[in-house]
Structure formats: C-alpha cells, structure tokens
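I have placed the structure first, in the form of structure tokens, so that the comments after it can refer back to it.
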Amino acid sequence: MNNLYLTEDYLPVLIQILVALGFVVFVMVVTHFITRKRIRTPRKEENFECGIELQGNARFPFSVKYFLVAILFVLFDVELVFFYPWAVNFKDTDWSGFLYMMLFLAVFLFGFYYIYRKGAFNWNEEKD
Numbered sequence: 001m002n003n004l005y006l007t008e009d010y011l012p013v014l015i016q017i018l019v020a021l022g023f024v025v026f027v028m029v030v031t032h033f034i035t036r037k038r039i040r041t042p043r044k045e046e047n048f049e050c051g052i053e054l055q056g057n058a059r060f061p062f063s064v065k066y067f068l069v070a071i072l073f074v075l076f077d078v079e080l081v082f083f084y085p086w087a088v089n090f091k092d093t094d095w096s097g098f099l100y101m102m103l104f105l106a107v108f109l110f111g112f113y114y115i116y117r118k119g120a121f122n123w124n125e126e127k128d
C-alpha cells in the first residue's frame, strides 16, 4: 500500500481536527481577553446549591428515592430505545419479529409492575 493513498484518505480528517482545535484555542483566547476579571470575595466563594443557603455539614442524610428515580429513568429510557429500530423495520419483519418484541414488551412491563409493587413510586409513604 502506498503512503500517498493513506495521506489522501486521512488528510480531510487531519484538517478537521486542526480546525476544531484551532477553534477551541481561538475561543478560549478571545473569551480570556473580552471578559471582565472577577474579584474573589468570601461571599462569591461559597457553595450555592439550587437556591438553598449553605448551612451545616454537607453530608447530611437524604432520601435514596432521588437516586432510585434517576436509575429507573435511565433503565426504562434505555429499554425504550430498542423500540425505535423495531418500529422502523416493522414491515420487513415477520411474525417472529413481532413475537420477540411482544416478549420484550412483556418483560419490560413486568419490570415496571415489579418496581410499582415494591413502592418505588410512593413518595409520601415510607417503606417498611
């Protein structure tokens, strides 16, 4: 294989990388010169979380339900992504494709029912 072909094949990629890096460097340099300099004060150095004033230790216990909802969202969102390719290729699949998707949907709904019965969506009640 000739090195000339490799150079011709990867030259657009190299140019794109150089343009992207050049743009990043250009924007960082320009923003450094056009922004106002910040004066550091103790008030500005404090942590600020969602409008809640800083008080006490940051390691206080809070409900795990926030994490549970986030994990369940990611889990079911990723599972729902599998419906898109099936819907796009629905005409090309036969009955076996339909049955496999119904099996997948049954497992998906069973998982949803399971976490519902476990009380993952009960925000006001404490679990035993």
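Taking our numbering, the leading residue of the sequence shown gets 1, the next gets one more, and so forth. We put the CB at the ideal spot given by N, CA and C, even for glycine. As the structure is a computational prediction, the values presented were derived from the model and not from experiment.
Selection from the options that minimises the alpha carbon distance to residue i
i	options	result
Phe121	Asp77, Ala106 and Val69	Val69
Ala87	Tyr10, Phe76, Met102 and Val74	Met102
Phe104	Val24, Val13, Phe83 and Leu18	Phe83
Val107	Thr93, Met28, Pro42 and Glu79	Glu79
Leu75	Ile115, Pro85 and Val25	Ile115
Exposure label - residue i; buried when at least 16 CB within 10 Å
i	result
Arg38	exposed
Asp128	Legend: pLDDT at Asp128 = 45, less than 50; position of this residue unreliable, no value from coordinates given.
Supposed close pair residue i, residue j - CB separation, criterion 8 Å
i	j	result
Trp123	Lys65	6 Å
Checklist entry - Which whole runs of the alpha helix (DSSP H) in the stretch 29-116 are 4 residues long or more, in chain order? => result Qualifying alpha helix (DSSP H) stretches, in chain order: 42-45, 65-81 and 83-88.
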